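Data first, discussion second: the structure below is written as structure tokens.
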Amino acid sequence: MAYWLMKSEPDAFSIDDLSAADQAPWDGVRNYQARNFMREMRPGDHFLFYHSSCQPPGLAGIGEIVSAPYPDSTALDPQNPYHDPKASTERLPWMAVDVRFERKFPALLALADIRQLAGLEELPLLQKGNRLSVMPITSEQWAILTTAAQA
DNA sequence: GCCAACGTTGGC
DNA sequence: GCCAACGTTGGC
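Those letters in the first sequence? Residues 360 to 510, by the working numbering.
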């Protein structure tokens with residue numbers, strides 16, 4: 360079982376939206392490195408739900424991957440904000456997974472607080488200039504982050 | 001609103 | 001295939 364961190368702008372899709380829906384597709388990822396990580400996802404994996412581009416940014420809760428990766432057809436929809444004009448049914452490089460709400464942290468674990476935690480030096484989220492929206496998390500990093508979020 | 005960092009595009 | 005210009009991400 361693997362661990363992941365996935366970013367979403369809460370104005371578009373937040374931990375509360377996932378809680379209300381219980382289950383939802385995680386789609387709209389349009390970066391190849393992130394897509395490659397999504398290809399490795401398996402049902403039963405868990406992920407940290409990160410709120411980005413908000414005040415303050417940080418970890419909001421936990422969800423579970425509940426489907427295998429599948430083609431992200433939102434890329435084909437001209438009305439979709441993540442429409443990819445170069446994608447077609449024959450050439451659809453983007454992937455989505457279905458995710459399920461697990462829990463919301465009692466309080467957001469803010470990025471500024473995450474930076475203060477020891478043992479996260481390798482976390483891509485904290486590395487300068489990193490903009491990955493989907494990244495793998497080690498079990499050690501997972502333990503540090505979920506423990507801090509529960510405190 | 002600013003801007004650093006990075007990815008993508010397109011001319012050559 | 002290089003690389004300058006441009007667009008996007010996302011923290012501050």
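Ideal placement from N, C-alpha and C gives every residue a C-beta, glycine not left out. Please read these numbers as outputs of a predicted model, since none were measured by experiment.
Judged by DSSP in its simplified three-state form, Ser-367 adopts strand. Here Gln-509 carries a helix assignment [DSSP, helix/strand/coil]. Rounded to the nearest angstrom, the Cβ distance from Glu-399 to Ala-361 is 7 Å, consistent with a contact under 8 Å. Considering only Asp-436, Asp-370, Lys-463, the residue with the shortest C-alpha distance to Leu-451 is Asp-436. In this model, Asp-375 and Leu-470 are separated by some 19 Å (Cα to Cα). In the DSSP assignment, Phe-372 falls outside any alpha helix (DSSP H) and carries neither an H nor an E. Only residues of its own chain outside the window of five on either side were considered, and among them Pro-402, Asp-457, Arg-459 have a CB closer than 6 Å to the CB of Val-425, listed in chain order.
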